[in-house]
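Note that UniProt numbering gives residue 226 to position 226 of the sequence shown, counting from 1, and the numbers run on in steps of one. We put the beta carbon where it would ideally sit given N, CA and C, even for glycine. For reference, the structure is listed below as structure tokens.
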Amino acid sequence: MGNKLEHPDVELPPEKLVMVTGGNTGLGYETARSIAEKGARVCIACRSEDKAKDAIERMQKEHKNEVLKSRSVRASGQHSSTAEEAEVKPLNVEYIKLDLSSLQSTMDFIRETKQRMQSLNVLVCNAGIAFVQQGYTEDNYELHFQVNYLSHFLIALHLMPLLRAGAPDSRIVFLSSVAHSSGKLDLDNMQCRKSYSRYGAYASSKAYVVMAACLLARRLKGTGVSTFAVDPGVVNTDIQRNFSDWRLLSFFMGAYSKMGMMRTPKKGAATSVVACIQPSLSGRTAVFMKNCQPANPASFCRDEANQEKLWNYTLGCLSQFINDDALKEAFPFAEPDLLVIPKNTETVEEQIADELGKQEGSPDGKEGCQPRGGEASFASKKEETEPEKEHPSEAAEVASETVQITQEANGYSSGEKMRGDAPEDEEKPTRCEVAGEERSEKEPSSEGAEKTSETIHIMQEGNGDASGVKMQGDAPEDKEKE
Ligand SMILES: NC(=O)c1ccc[n+]([C@@H]2O[C@H](COP(=O)([O-])OP(=O)(O)OC[C@H]3O[C@@H](n4cnc5c(N)ncnc54)[C@H](OP(=O)(O)O)[C@@H]3O)[C@@H](O)[C@H]2O)c1
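Here's what the structure looks like:
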């Protein structure tokens, strides 16, 4: 795409420890590899041990090849000897098993991490799913909610003592998305049992992580641990396997990929890597980042009252896994009123269900916050629900955001300054920053993206769904959200 999405050129000490969830593929893999290549110790947290081992093997091979290639370029094309190959120091990468769709597995992962590590410098909450069909975990939570948000939140809370031990300048980096601005904090439908949209559930989970970065930062004052939420852009990764059954969206994404309009995983990971290790970000917290620099998240995510509602709701969900002592250990300097665990740990939906009697779509009239192993498992829920229809407008919304972000990214291609080149950009704090001011985004421009945008318009009309679809350029409220 020609824009300057570069991984920072810094050397990291071998004792620096970075944990990357979902580090076996896609953005997580590139983030883990890039940071390990700079000298740090990296641990990837993966649900499949085989995939984790394969990924580490691939990282080592790629690293060795790159080092040998750069050496042979320096030695004007001579091939490396076996002795030289043996000299390449392997990357310091390990793995721990983690299945975010199970709170039990998440707690096992936390225990194992605490046994193996005395401190942690960076936690990258990267693993995620996108636009999957409606489904529920063994803990009875909507899949995007638990995998993308809730389990990562639990990890962040329990690993806070390790992060504090790694301070100053320990960081928690949450992977968000441009889609976060289409998310909602709807306390009446947090688990999407009243209504479900694949795009909405994903978007909301990505909004929650932005809000989490802010509400955690408020509680972390004085600890040397800071928080970031990252929009990586639209990146050509395996994430598309999550919605291969959604034909229209898969079609759009396939077309973008073929037109070279999506970022490579390496370029996509650049913003994460900057958030993890860029020295100039030291001391800043609750920062939303895109295109490798601070940016503005959607206004509803910056609203403190919303963030506190999410905190209460989340603690309600995690009441079996978090107690007062754990909170005090996590946030030793936080105001006591910021650490109150809601007395009534029922979720808002449960309260509503209790008030209204049995709720449609919830077999026992309750949602979330139930004992683990609830009956509404992913498999059984799928059997219960009607086969899902495709929603052209949702697919178009995702596609339109792809165009929007591509345009924004291409806007930087004609010599615009990026992080590192532009100290004045770094000077300007973001609206998400706890004590920050606002900063405006750069104007996008890209002929290729405009053409694609037109193509989408035509496709939408062809699908009889031109109305109500937000397209780049004709959705002023979207611009406002940004
Ligand atoms: N690609 C994009 O355009 C894009 C845009 C915005 C935001 N993001 C965000 O960036 C992050 C990384 O996405 P990606 O594009 O790199 O996707 P990806 O290639 O599909 O990688 C996702 C990673 O998450 C792991 N994962 C999924 N479910 C899990 C679970 N239950 N427990 C533990 N790990 C689980 C996957 O493990 P397996 O390999 O075992 O499935 C994989 O390692 C996600 O949070 C995504 O929402 C991506």
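From the DSSP output, in three-state form, read off E416 for me. Sequence index remark: in the sequence shown, residue 416 carries index 416 (1-based). Model confidence at E416 stands at a pLDDT of 28, short of 50, so the residue's coordinates are unreliable and nothing is read from them.
Going by C-alpha to C-alpha distance, which of L120, D188 and H180 sits closest to Y202? Here residue 202 refers to the residue found at position 202 when the sequence shown is read from its first residue. Out of L120, D188 and H180, H180 has the C-alpha closest to the C-alpha of Y202.
Using a 10 Å radius around the Cβ and a threshold of 16 neighbouring Cβ atoms, would you call P13 buried or exposed? In the sequence shown, counting from the first residue as 1, residue 13 sits at position 13. Flag for P13 reads exposed.
V42 Cβ short of 7 Å to ligand 1 heavy atom set: For this step, residue 42 is matched to residue 42 along the sequence shown. V42: no, Cβ never under 7 Å from ligand 1.
How about C125 and H144: are their beta carbons less than 8 Å apart? What you label residue 125 is simply residue 125 of the sequence shown in a count that begins at 1. What you label residue 144 is simply residue 144 of the sequence shown in a count that begins at 1. In this structure, H144 does not lie closer than 8 Å to C125 by Cβ.
Can you have a look at S177 and say buried or exposed, based on whether 16 or more other CB atoms are within 10 angstroms of its CB? Taking the sequence shown and counting its residues from 1, one reaches residue 177 at position 177. Its Cβ being crowded by 16 or more others within 10 Å, S177 is buried.
Taking 6 Å as the limit between beta carbons, can you name the residues of its chain near T25, skipping five residues before and five after? Mapped onto the sequence shown, residue 25 falls at position 25. So the qualifying residues of the chain are D238.
Any idea which residues DSSP pairs S257 with across the strands? Position 257 of the sequence shown, counting from 1, holds the residue named residue 257. For S257, which the question treats as bridged, DSSP gives no partner whatsoever.
Quick one: give me the first and last residue of the alpha helix (DSSP H) that F153 is part of. By one-based count along the sequence shown, residue 153 stands at place 153. Start and end: S151 to G166.
Skipping 5 residues on each side, what residues in its chain have a beta carbon closer than 6 Å to that of R218? Here residue 218 is taken as the residue at index 218 of the sequence shown, counted from 1. Cβ neighbours of R218 beyond the five flanking positions: none.
Output the distance between the C-alpha atoms of R284 and L315, rounded to the nearest integer angstrom. Within the sequence shown, residue 284 is the residue found at index 284, counting from 1. Within the sequence shown, residue 315 is the residue found at index 315, counting from 1. So the alpha carbons of these two residues sit roughly 26 Å apart.
Given 8 Å, three or more beta-carbon pairs between the segment 183–195 and the segment 241–253: no
Taking the beta carbon of N291 as the centre, do at least 16 other beta carbons fall within 10 Å, making it buried, or is it exposed? To locate residue 291, count along the sequence shown from 1; it is residue 291. The residue is buried, with at least 16 neighbouring Cβ atoms inside 10 Å.
Contact set for K64: own chain, Cβ-Cβ below 6 Å, skip 5 residues either direction: Here residue 64 refers to the residue found at position 64 of the sequence shown. Same-chain partners within the cutoff: V88.
Top-ranked residue by Cα proximity to E304, from L150, L17, N121 and L185: Along the sequence shown, one-based indexing puts residue 304 at 304. For the residues L150, L17, N121 and L185, the minimum Cα distance to E304 belongs to L185.
With residue 503 as the anchor, note down where its beta strand (DSSP E) starts and where it stops. In the structure displayed, the chain extends from 1 to 482; residue 503 sits before or after that span and is not available.
Assuming R263 and G233 are in contact, meaning their beta carbons sit under 8 Å apart, how far apart are those beta carbons, in whole angstroms? Position 263 of the sequence shown, counted from the first residue, corresponds to residue 263. Position 233 of the sequence shown, counted from the first residue, corresponds to residue 233. Indeed they touch by this definition, with Cβ atoms about 5 Å apart.
Taking the C-alpha atoms as reference points, what is the distance between E15 and T227? For the purposes of this step, residue 15 is identified with residue 15 of the sequence shown, where counting begins at 1. For the purposes of this step, residue 227 is identified with residue 227 of the sequence shown, where counting begins at 1. Their backbone Cα atoms lie some 21 Å apart in a straight line.
Cβ distance (whole Å) where K282 is taken to contact T31 below 8 Å: In the sequence shown, the residue the question calls residue 282 occupies position 282. In the sequence shown, the residue the question calls residue 31 occupies position 31. In the sequence as displayed, the identity of residue 282 is Ser instead of Lys. Incorrect: roughly 19 Å between the Cβ atoms, too far for contact.
Answer yes or no: the CB of S34 versus the heavy atoms of ligand 1, is any distance below 7 Å? By 1-based counting over the sequence shown, the position of residue 34 is 34. S34 Cβ: outside cutoff for every heavy atom of ligand 1.
List the whole-angstrom C-beta distance separating L103 from A156, where the pair is believed to meet the contact cut-off of C-beta under 8 Å. Locating residue 103 in the sequence shown gives position 103, counting from the first residue. Locating residue 156 in the sequence shown gives position 156, counting from the first residue. Between A156 and L103 the Cβ distance is about 14 Å, and since that is not below 8 Å, they are no contact.
Within 8 Å, strictly: CB atoms of P265 and N312: The residue given as residue 265 occupies position 265 in the sequence shown. The residue given as residue 312 occupies position 312 in the sequence shown. For P265 and N312, no; Cβs fall outside 8 Å.
Check: D238 C-beta below 7 Å from any heavy atom of ligand 1: Walking along the sequence shown from the start, residue 238 turns up at place 238. D238: yes, Cβ under 7 Å from ligand 1.
A130 CB to nearest heavy atom of ligand 1 below 7 Å: Walking along the sequence shown from the start, residue 130 turns up at place 130. Because some heavy atom of ligand 1 lies under 7 Å away, the Cβ of A130 counts as near it: yes.
Does the separation of the CB atoms of L27 and K267 fall below 8 Å? Stepping through the sequence shown from its first residue, residue 27 is reached at position 27. Stepping through the sequence shown from its first residue, residue 267 is reached at position 267. Against a cut-off of 8 Å, the Cβ pair of K267 and L27 comes out as no contact.
What do you get for S204, buried or exposed, if any count of 16 or more other CB atoms within 10 angstroms of its CB means buried? Indexing the sequence shown from 1 puts residue 204 at position 204. Its Cβ being crowded by 16 or more others within 10 Å, S204 is buried.
Which partner residues of F174 appear in the DSSP bridge assignment? For the purposes of this step, residue 174 is identified with residue 174 of the sequence shown, where counting begins at 1. BP columns for F174 point to C125 and A229.
Exposed or buried, which one is S101 when buried takes at least 16 other CB atoms within 10 Å? As a first step, residue 101 must be located in the sequence shown, where it is residue number 101. Answer is buried; the Cβ neighbour count reaches 16.
Distance CB(R116)-CB(C276) smaller than 8 Å: The residue labelled residue 116 in the question sits at position 116 within the sequence shown. The residue labelled residue 276 in the question sits at position 276 within the sequence shown. Contact: no.
Distance CB(A45)-CB(F109) smaller than 8 Å: On the sequence shown, position 45 is the one that residue 45 refers to. On the sequence shown, position 109 is the one that residue 109 refers to. Taking 8 Å as the Cβ cut-off, A45 and F109 qualify as a contacting pair.
Any non-hydrogen atom of ligand 1 within 7 Å of L175 CB: Within the sequence shown, numbered from 1, the residue matching residue 175 stands at position 175. Because some heavy atom of ligand 1 lies under 7 Å away, the Cβ of L175 counts as near it: yes.
Among E49, K53, N92 and E57, which residue has its Cα nearest to the Cα of P17? In the sequence shown, counting from the first residue as 1, residue 17 sits at position 17. Rather than Pro, the amino acid found at residue 17 in this sequence is Leu. Of the listed residues, the one whose Cα sits closest to L17 is N92.
Expressed to the nearest angstrom, what Euclidean distance is found between the alpha-carbon atoms of S299 and K309? Numbered from its first residue, the sequence shown carries residue 299 at position 299. Numbered from its first residue, the sequence shown carries residue 309 at position 309. Roughly 15 Å separates the two Cα atoms.
Of the residues T106, K53, Y199 and D169, which one's Cα is nearest the Cα of A396? Counted from its first residue, the sequence shown places residue 396 at position 396. Minimum Cα distance to A396 is reached at Y199.
Please confirm whether A229 and F174 have their CB atoms less than 8 Å apart. In the sequence shown, counting from the first residue as 1, residue 229 sits at position 229. In the sequence shown, counting from the first residue as 1, residue 174 sits at position 174. Contact: yes.
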